[in-house]
Amino acid sequence: KNQVEQSPQSLIILEGKNCTLQCNYTVSPFSNLRWYKQDTGRGPVSLTIMTFSENTKSNGRYTATLDADTKQSSLHITASQLSDSASYICVVTGTGGFKTIFGAGTRLFVKA
Amino acid sequence: DAGVIQSPRHEVTEMGQEVTLRCKPISGHDYLFWYRQTMMRGLELLIYFNNNVPIDDSGMPEDRFSAKMPNASFSTLKIQPSEPRDSAVYFCASSWTGYNEQFFGPGTRLTVL
Numbered sequence: 001k002n003q004v005e006q007s008p009q010s011l012i013i014l015e016g017k018n019c020t021l022q023c024n025y026t027v028s029p030f031s032n033l034r035w036y037k038q039d040t041g042r043g044p045v046s047l048t049i050m051t052f053s054e055n056t057k058s059n060g061r062y063t064a065t066l067d068a069d070t071k072q073s074s075l076h077i078t079a080s081q082l083s084d085s086a087s088y089i090c091v092v093t094g095t096g097g098f099k100t101i102f103g104a105g106t107r108l109f110v111k112a
Numbered sequence: 113d114a115g116v117i118q119s120p121r122h123e124v125t126e127m128g129q130e131v132t133l134r135c136k137p138i139s140g141h142d143y144l145f146w147y148r149q150t151m152m153r154g155l156e157l158l159i160y161f162n163n164n165v166p167i168d169d170s171g172m173p174e175d176r177f178s179a180k181m182p183n184a185s186f187s188t189l190k191i192q193p194s195e196p197r198d199s200a201v202y203f204c205a206s207s208w209t210g211y212n213e214q215f216f217g218p219g220t221r222l223t224v225l
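Each protein sequence line maps, in turn, to chains W and C. Each residue of the first sequence is one higher than the one before, counting from 1 in the numbering used here. Each residue of the second sequence is one higher than the one before, counting from 113 in the numbering used here.
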């Protein structure tokens, strides 16, 4: 069964600290993995997209890594800011029809 | 570009009524996606179109749901008749290809009483 599991479910950190969010998936065959940021009341915004051959991709203070062998991805946020408070959703797409599986998301709270 | 435009932003209706949600994708994007988001189930892909043609509607929950894309700049998602369990935020997204970044609209928050 194709699944995407994210951890932790929620996370509270202090402003300026780093954090890492995890995503494990069983989608196969695999096409790409995306990380989205969703602010409360807004639509998701793409942070990174990685294909099978990519190990890491950065977008400012956001760095995503992918291990296609272990089917794991992580999103590292450096020097967190209050505006990083949001839900972070891992999305995995399989080949042949763009079958897309969404993770439940990690809710990040950054406190001053 | 104004991004993906959805209307209405909020919709409150009574059970049994017909609901129509509207979406205008980003100009030049060949793919359009409809999603539903609830606290219980998270984000779910309902249907997607390529060049105005429905490709995969396996995510559409029931026959009460239907979607159309009469041209490259407009799509609708219709629920008839609506039920309280349809209450959710419905997002429309578009992209250049099926594998590229998807740009999401602001969503329509639907409440069925």
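Even for Gly, the Cβ is constructed at its ideal location relative to N, Cα and C.
Thr20/W has a beta carbon lying at 8 angstroms or more from every beta carbon in chain C. With distances taken between CA atoms, Ile167/C lies nearest to Leu144/C out of Arg176/C, Leu144/C, Asn212/C. Taking 8 angstroms as the CB threshold, Leu155/C lines the interface with chain W. Exclusion of the five residues before and after Thr20/W leaves Ser74, Leu75, His76, Ile77 as the residues of its chain whose Cβ lies within less than 8 angstroms of its Cβ. The Cβ-Cβ distance between Cys23/W and Gln38/W does not fall below 8 angstroms. The shortest CA-to-CA distance from Ser80/W to any of Gly16/W, Ile12/W, Asp67/W is the one to Gly16/W. By the C-beta density criterion, Val92/W is buried, having at least 16 other C-beta atoms within 10 angstroms.
Burial state of Gly140/C is exposed, judged by a 10 Å Cβ sphere holding fewer than 16 other Cβ atoms. About 6 angstroms separates the beta carbons of Phe215/C and Ile138/C, which is inside the 8 angstroms limit, making them a contact pair. Distance from the CA atom of Gly115/C to the CA atom of Ser207/C, rounded to whole angstroms, is 11 angstroms. Only residues of its own chain outside the window of five on either side were considered, and among them Val4, Ile89, Val91 have a CB closer than 7 angstroms to the CB of Phe102/W, listed in chain order. Here Leu225/C has Val124, Thr125, Glu126, Met127, Pro196 as same chain residues with Cβ atoms under 8 angstroms from its own Cβ, once five neighbours each way along the sequence are excluded. Inclusion of Thr48/W and Tyr62/W in the CB contact set at 8 angstroms is warranted, their separation being smaller than that value.
Contacts with chain W at 8 angstroms (Cβ-Cβ) include Glu213/C. For Ala64/W, the enclosing beta strand (DSSP E) covers residues 62 to 67.
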